[in-house]
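Engineer: Residue numbers (the numbering used here), protein chains in the order written: chain A, 1 to 117; chain B, 118 to 424.
After the structure tokens below, expect a handful of questions from me.
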Amino acid sequence: MTLQTNLQHLTSEADVKKLIEENENVMICCGRMGPMCVPVYDIMEDLEKSGKYDNVKFADMLFDHPEAAIIRNAPECRGFMGLPFTMYYKNGKIVKATSSIQNLDQIIDILDSEFGK
Amino acid sequence: METKIYDSIIIGAGPAGLTAGIYLSRAKQTVLIIDSGMAGGQIALTHEVANYPGFESISGYMLSMTMKKQAEKFGCEIKTNTKIKDYNIAGEIKEICINNGDCFKAKTIILATGGKSRKIGAKGEDTFAGRGISYCATCDGDFFQDREIIVVGGGNSALEEAVSLTKYASKVTIVHQFKEWQGFQRAIDEMEANPKIDYILESKIIEFIGDQSLEKVIIENQKTKERFEKKIDGVFIFIGYVPNTEKIEGLVELNKWKEIIVNNNYETNISGVFAAGDSIVKRYRQITTAVADGTNAALNVIEYLNK
Ligand SMILES: Cc1cc2nc3c(=O)[nH]c(=O)nc-3n(C[C@H](O)[C@H](O)[C@H](O)COP(=O)(O)OP(=O)(O)OC[C@H]3O[C@@H](n4cnc5c(N)ncnc54)[C@H](O)[C@@H]3O)c2cc1C
Numbered sequence: 001m002t003l004q005t006n007l008q009h010l011t012s013e014a015d016v017k018k019l020i021e022e023n024e025n026v027m028i029c030c031g032r033m034g035p036m037c038v039p040v041y042d043i044m045e046d047l048e049k050s051g052k053y054d055n056v057k058f059a060d061m062l063f064d065h066p067e068a069a070i071i072r073n074a075p076e077c078r079g080f081m082g083l084p085f086t087m088y089y090k091n092g093k094i095v096k097a098t099s100s101i102q103n104l105d106q107i108i109d110i111l112d113s114e115f116g117k
Numbered sequence: 118m119e120t121k122i123y124d125s126i127i128i129g130a131g132p133a134g135l136t137a138g139i140y141l142s143r144a145k146q147t148v149l150i151i152d153s154g155m156a157g158g159q160i161a162l163t164h165e166v167a168n169y170p171g172f173e174s175i176s177g178y179m180l181s182m183t184m185k186k187q188a189e190k191f192g193c194e195i196k197t198n199t200k201i202k203d204y205n206i207a208g209e210i211k212e213i214c215i216n217n218g219d220c221f222k223a224k225t226i227i228l229a230t231g232g233k234s235r236k237i238g239a240k241g242e243d244t245f246a247g248r249g250i251s252y253c254a255t256c257d258g259d260f261f262q263d264r265e266i267i268v269v270g271g272g273n274s275a276l277e278e279a280v281s282l283t284k285y286a287s288k289v290t291i292v293h294q295f296k297e298w299q300g301f302q303r304a305i306d307e308m309e310a311n312p313k314i315d316y317i318l319e320s321k322i323i324e325f326i327g328d329q330s331l332e333k334v335i336i337e338n339q340k341t342k343e344r345f346e347k348k349i350d351g352v353f354i355f356i357g358y359v360p361n362t363e364k365i366e367g368l369v370e371l372n373k374w375k376e377i378i379v380n381n382n383y384e385t386n387i388s389g390v391f392a393a394g395d396s397i398v399k400r401y402r403q404i405t406t407a408v409a410d411g412t413n414a415a416l417n418v419i420e421y422l423n424k
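Quick look at the structure:
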């Protein structure tokens, strides 16, 4: 059960934990192949390809995967009612989470402010 | 080193821009397409398309990717998630500069910047987007299982989505600013027949209030200016469209609704600058009309280049 993107797919809670433990800066988009999610994956793919954010690991996870509960139930996602849930982790801790579609400027703002350029 | 001059730079990779790209590159013209977002435009934001001939039903995402692939196959260069910083389009050779400082020259430009959902513009709308406010029923409907929601709008989209949201919500209240509905009779009848739907006419939401998520709204009657508070779990907004022309305002002629004015050849008031799709002055905004505009604009560009 994975999304049809070119991003790294996470398919278990252990995958999420490993990725955030082994990398200082991580962005995970947790969604479906729906209209509000696809543009976010597309931006992540382009940012990853551009090489400008080599300091960040980009990944996705299917929202309906049972083990995506690690994201769905995060306290930072309380009140979220729009897909996707996009999580930003620094040193294993959530530093920012957003709900629903985000544009390039909004994502870059978070990456630059939370992870530095 | 001599700078490459493209035959055409297309701004916007929605159906209009991609179609223009397909026609131009197939006719051996050099084409660069630049989009500030992802290829596909509004169709990438559409769950299912069931009225595009040739496909009984296809996801908007798949249709976008197929159109993009087709354009690339014929030789279009496509830059997505790329912001344009400067438009120098008045001269014979046009120049477009992007945020990283790179500039591209072309003999012609096609503006295919499409449109986006209109926002209400009420206090709190941005704060609660994704926290109770949504612009996509198919994406977010299931967060509102057995909850009470409002649908804002009175056209076909609002009426149809209000009906579809009754699959999840316990009650749907439509808030519409006018006395009359703007949708087709069939959509009005279906809405009226649904026991879970109620409506408030001649009224607008003027404020969204909550803490972690949306909790209530303030509604104002447009005639009496009376205001009241309504507790609510979610609000879905379908109040139409605005053209994406704010970046080109002052460069080409727009009408009072900020739509691009073109002549019968899809040319704007600036020589060599053409436009197509939802951003131009027209009545019906659909994928089929956008691809038709893209085709016409591209064929007129070819004629212009051959002059
Ligand atoms: C939710 C929804 C459902 C729909 N369902 C249907 C349907 O079922 N059938 C149907 O026929 N039609 C449908 N439509 C309408 C259809 O999607 C549009 O008519 C069509 O996409 C218009 O194509 P376009 O190329 O003119 O513009 P758009 O699709 O809007 O594409 C314009 C592109 O230009 C880009 N852009 C804008 N400004 C700039 C700039 N300054 N610089 C660079 N790039 C820029 C945008 O990012 C976008 O990718 C739907 C629309 C929506 C919103």
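Ideal Cβ placement from N, Cα and C applies to all residues, glycine included.
Report the option in B:E324, B:S320, B:K348 whose CA atom is closest to the CA atom of B:T341.
Structural biologist: B:S320
Engineer: Taking 8 Å as the cut-off, is the beta-carbon of B:Q339 closer than that to any non-hydrogen atom of ligand 1?
Structural biologist: no
Engineer: Check whether the Cβ atoms of B:T255 and B:S281 lie closer than 9 Å to each other.
Structural biologist: yes
Engineer: Just the chain B side, please: which residues come within less than 7 Å of A:I43 by C-beta, in chain order?
Structural biologist: Those are N198, listed as they occur along chain B.
Engineer: Considering B:I126, what are the terminal residues of the alpha helix (DSSP H) in which it resides?
Structural biologist: No alpha helix (DSSP H) contains B:I126, which is instead part of the beta strand (DSSP E) from 122–128.
Engineer: If contact is defined by three or more beta carbon pairs under 8 Å, each pair taking one atom from either stretch, is the stretch 261–279 of chain B in contact with the stretch 339–357 of chain B?
Structural biologist: Output reads yes: the stretch 261–279 of chain B touches the stretch 339–357 of chain B.
Engineer: Whose Cβ in chain B lies nearer than 7 Å to the Cβ of A:L80?
Structural biologist: Per the sequence shown, the amino acid found at residue 80 of chain A is Phe instead of Leu. Going along chain B in sequence order, the residues near A:F80 (Cβ under 7 Å) are G247, R248.
Engineer: CB of B:K236 to nearest heavy atom of ligand 1: below 8 Å?
Structural biologist: no
Engineer: Got a sec? Which residues, its chain only, sit under 7 Å from A:M44 by beta carbon, not counting five neighbours each side?
Structural biologist: The answer, listed in chain order, is L7, M27, C29, F58.
Engineer: On the three-state DSSP scale, how would you describe B:R264?
Structural biologist: Reduced to three states, the DSSP call for B:R264 is coil.
Engineer: Between the stretch 79–88 of chain A and the stretch 244–255 of chain B, do three or more beta carbon pairs fall short of 8 Å?
Structural biologist: yes
Engineer: Tell me B:N338's beta-bridge partners as DSSP assigns them.
Structural biologist: B:S320
Engineer: Within 10 angstroms of its Cβ, does A:E48 collect 16 or more other Cβ (buried), or is it exposed?
Structural biologist: buried
Engineer: Mind checking who B:R344 pairs with in its DSSP beta bridge?
Structural biologist: B:E337
Engineer: With 16 as the cutoff for other CB atoms within 10 Å, does A:M1 come out buried or exposed?
Structural biologist: exposed
Engineer: So, does the stretch 131–148 of chain B touch the stretch 406–415 of chain B, judging by three or more C-beta pairs under 8 Å?
Structural biologist: yes
Engineer: Using a Cβ distance threshold of 8 Å, determine whether the stretch 291–301 of chain B contacts the stretch 264–278 of chain B, with at least three qualifying pairs required.
Structural biologist: yes
Engineer: Within the stretch 232–261 of chain B, note down every full beta strand (DSSP E) run reaching 3 residues or more, in order along the chain.
Structural biologist: 232–234
Engineer: Can you check which of these residues, A:Q4, A:S113, A:N25, A:S12, is closest to A:N91 by C-alpha distance?
Structural biologist: A:N25
Engineer: May I ask you to verify whether the stretch 230–244 of chain B touches the stretch 183–193 of chain B, counting CB pairs closer than 8 Å and requiring at least 3?
Structural biologist: no
Engineer: To the nearest angstrom, how far is the alpha carbon of B:D328 from that of B:Q403?
Structural biologist: 38 Å
Engineer: Hey, B:I127 and B:I227: beta-carbon distance below 9 Å or not?
Structural biologist: In this structure, B:I227 lies closer than 9 Å to B:I127 by Cβ.
Engineer: May I ask which residues mark the beginning and end of the beta strand (DSSP E) holding A:N25?
Structural biologist: 25–31
Engineer: Could you check whether the Cβ of A:V26 sits closer than 9 Å to any Cβ belonging to chain B?
Structural biologist: no
Engineer: Scan the stretch 154–183 of chain B for residues whose Cβ lies nearer than 7 Å to a Cβ of chain A and list them as they occur along the chain.
Structural biologist: G154, M155, A161, L162, T163, H164, G177, Y178
Engineer: Could you compute how far the alpha carbon of B:R143 sits from the alpha carbon of B:I150?
Structural biologist: 14 Å
Engineer: Using a Cβ cut-off of 9 Å (strictly closer), state whether B:C256 contacts chain A.
Structural biologist: yes
Engineer: Whole angstroms are fine: how far does the CA of B:G249 sit from the CA of B:K211?
Structural biologist: 44 Å
Engineer: Where does A:K52 sit, in a helix, a strand or coil, going by DSSP?
Structural biologist: coil
Engineer: In whole angstroms, what separates the C-alpha of A:Y53 from that of A:M87?
Structural biologist: 16 Å
Engineer: Roughly how many angstroms separate the alpha carbons of B:E384 and B:I397, rounded to a whole number?
Structural biologist: 10 Å
Engineer: Closest Cβ-Cβ distance between A:D15 and chain B: below 9 Å?
Structural biologist: no
Engineer: When the Cα atoms are used, what is the spatial distance from B:T406 to B:S181?
Structural biologist: Their backbone Cα atoms lie some 16 Å apart in a straight line.
Engineer: Does A:K17 come out as helix, strand or coil in the three-state DSSP assignment?
Structural biologist: helix
Engineer: Using only alpha-carbon positions, find the residue among B:I354, B:C193, B:D219 that is nearest to B:K202.
Structural biologist: Measuring from the Cα of B:K202, the nearest candidate turns out to be B:D219.
Engineer: In chain order, what residues of the same chain lie with their CB nearer than 7 Å to the CB of B:I237, ignoring the 5 residues before and after it?
Structural biologist: V269, I322, I354, I356
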